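Have a look at the structure below, then the notes.
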Amino acid sequence: MFRQTVMLVSILVYLFSSLAEERVSATSELFELIESDQEVSCEALSNSFCSEMYNQKNRGNFEFLGDRYNSGKSKFSGFPMVQKLYVLDLVRALKKLPPRFAELVTPSVNKLHQLLEAEEDNNKWGRRFNKASNEFEMAYQAYLDELVFSEHPELESKRLDDLTPQDTLIVTKYIWRGNRELVDALYDSDEKWILTKALFLRVKSDLLNEISLLPLPSGLLEVMKRKINTIEISKPYLDPNLLGAGADCATTKVNAMYLKNKHKFTVCRGYLNSFESESNLYLVMAHELAHSIDPQGLLQEYFRNTSVAQLMREVRRTKGQLSCHDWRQKKEDVLSNRPEYYRLPFNFVDLTNCLVDRSGIKEGHPDTLRNAGEILTFKYLAAYANDDDFLRLINLNTLRYGEVTQNPFHLNPTLNDIVNNKIYEYSEYGEPYISLLFVQEYTCQNSGQDKLSDTDRVKLAIEEISKILRVYFESHFGAFGLEDGLMAGFQLSKPSSEDFADWMAQKAFEKYISKIESLKE
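Each residue of the sequence shown is one higher than the last, beginning at 460 in the numbering used here.
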């Protein structure tokens, strides 16, 4: 009786709001059931209610992998082919998944497959597909739960809200494991993936040949060749220890990418499924690999040797726990030295100026550069302040369910970055990680004879890291110059990296296409 009452209330709330928007007819089947003198079952009410909810005026009436689609005959209707192909992928992957994984997801995958084979352009089919899609996601989650609880049974009795940050890290690692198992099942023995790996080697070889022809200093050419030679190809794993691609890259995302921090290239599942031709894949792959040797990629090697980038790496290495003596000394070295300006060889700069129109770019006068650095510093710090990162890092205790408990993020910047900022690993290139810098400076504020209040320590810590950030942005511009992406918004630079990657890919592609002899190829 309680369920019937709740359902009826929900239906009436929806119904009257829909009437106000003129979306439901007063003569609809749902109204007839409600006004009927005869007893009406919950199933009949539910089915009729769903029919009204999933009408053609409601855009997006079924889901798959978190995205919404439309059934019914309207201009918004249609289930994209790349999603359909992923369902077929899942069917083929069942034989390669771990036995328990396959056992749990097989019923829902088969149901999705059957629905695709009997696809109809109406709302009823959309609801059935939506139900099967939810069942697949629940089965996937059930498998992950079994993995977690089999090795960490203490977590099974905990509510989601009761998980500690350390518990969250444990669960996250099993999410990565499940993703890895599914990705391996999708990619291993896949003919398109085998073709992609073979083409990857060919593209690398062709790019190396093109690099040899560039009129650049021999030392720079050797650096470029080494970077191309050492790129690896990887499946699109979610695990940042392996790659760190987005979750949708393993499912239906149509993309391919070069990940600088890992120096690896990957092709998302959606791109493989929408594969058009080897030539198309060649161009995309050559473009992405060329990003490893584009002006920004080459200048990054110079920037990582600047004093401010070295300081960032030291703080990263020690997790914000440098000795206060070393911290003050290294910080003073950074703040007392003015940024050095570096330029690529003239003929390389001449090439980039040919690739991109840089008319209207302002000169980097000290005052203009300082103003831009202050604005960027404010934006970086404001983002952390608005998310309460600073308070989260200094508070010894926190409130949980109205009770005072120990704060797990107290002076623990790495844990804070992982759990709250989703930064699972720090870059090797010396990027400014505010949590690390703040804890390092805040900790050392009280290492002298004069003890400060917490408020003063926070204020002074933010002031000090503001100085470091301003030097960071000036040094970044000193290293990257016209290729500095951070300063592009201030009209101080205009990077040519995309244009350079296109140019290198086109040069390699011309040689590749000239070797094709038959119409079939």
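Positions of the beta carbon are idealized from the N, C-alpha and C atoms, including for glycine. All values derive from a computational prediction rather than experimental measurement.
Query, Result
"Beta carbon of residue 731 nearer than 8 Å to that of residue 655", "yes"
"From 947, 873, 971 and 829, residue whose alpha carbon lies closest to that of residue 928", "829"
"Meets three-Cβ-pair contact criterion under 8 Å: the stretch 660-669 and the stretch 726-746", "yes"
"DSSP three-state assignment for residue 978, whether helix, strand or coil", "coil"
"Any 3 or more C-beta pairs closer than 8 Å across the stretch 883-893 and the stretch 750-763", "yes"
"As assigned by DSSP and simplified to three states, the class of residue 581", "coil"
"For residue 809, three-class secondary structure by DSSP", "helix"
"According to DSSP, residues forming a beta bridge with residue 723", "691 and 718"
"Endpoints, beta strand (DSSP E) assigned at residue 981", "Residue 981 cannot be examined here, being either before or after the span of the chain that is shown, 460 to 980."
"From 700, 844, 864 and 934, residue whose alpha carbon lies closest to that of residue 769", "934"
"Rounded Cβ spacing between residue 451 and residue 699 (contact assumed at less than 8 Å)", "Any question about residue 451 goes unanswered here, given that the chain covers just 460 to 980."
"Whole-angstrom distance between residue 597 and residue 479, CA atom to CA atom", "A caution first: residue 479 carries a pLDDT of 41, below 50, which makes its placement in the model unreliable, though a value can still be read off. Taking the straight line joining both Cα atoms gives about 35 Å."
"Meets three-Cβ-pair contact criterion under 8 Å: the stretch 871-878 and the stretch 837-847", "no"
"Touching by the beta-carbon criterion (3+ pairs, under 8 Å), the stretch 567-577 and the stretch 586-593", "yes"
"Rounded C-alpha distance that separates residue 947 from residue 606", "47 Å"
"Rounded distance between the beta-carbons of residue 956 and residue 750, thought under 8 Å", "7 Å"
"Nearest-angstrom Cα separation, counted from residue 833 out to residue 898", "21 Å"
"Residue 528 - containing alpha helix (DSSP H), residue span", "Careful: residue 528 lies outside any alpha helix (DSSP H), inside the beta strand (DSSP E) at 526-528."
"Helix, strand or coil at residue 444 according to DSSP, with G and I counted as helix", "The structure shown does not extend to residue 444, since the chain is modelled only from 460 to 980, so the question has no answer here."
"DSSP three-state assignment for residue 939, whether helix, strand or coil", "helix"
"Nearest to residue 788 (by Cα), restricted to the options 687, 569, 838 and 903", "903"
"Residue 523 (DSSP reduced to helix, strand or coil)", "strand"
"First through last residue of the alpha helix (DSSP H) which encompasses residue 949", "Taken as a continuous stretch (DSSP letters only), residue 949 belongs to no alpha helix (DSSP H), as it is neither H nor E."
"Helix, strand or coil at residue 799 according to DSSP, with G and I counted as helix", "coil"
"Separation of residue 711 from residue 960, as counted between CA atoms", "25 Å"
"Limits of the unbroken alpha helix (DSSP H) element including residue 573", "558-576"
"Beta-carbon spacing of residue 800, residue 937 below 8 Å", "yes"
"Through-space distance from residue 780 to residue 802, alpha-carbon basis", "34 Å"
"Validate contact between the stretch 556-564 and the stretch 635-648 using beta carbons, cut 8 Å, 3 pairs", "yes"
"Cβ pair residue 737, residue 658 closer than 8 Å", "yes"
"Residue of 648, 631, 820 and 815 minimising C-alpha distance to residue 697", "631"
"Alpha-carbon to alpha-carbon, residue 939 and residue 653", "38 Å"
"Closest by C-alpha distance to residue 564, when choosing among 858, 827 and 593", "593"
"Reduced DSSP category for residue 776 - H, G, I as helix; E, B as strand; rest coil", "helix"
"Beta-carbon spacing of residue 687, residue 670 below 8 Å", "yes"
"Where residue 746 sits in the DSSP three-state scheme", "helix"
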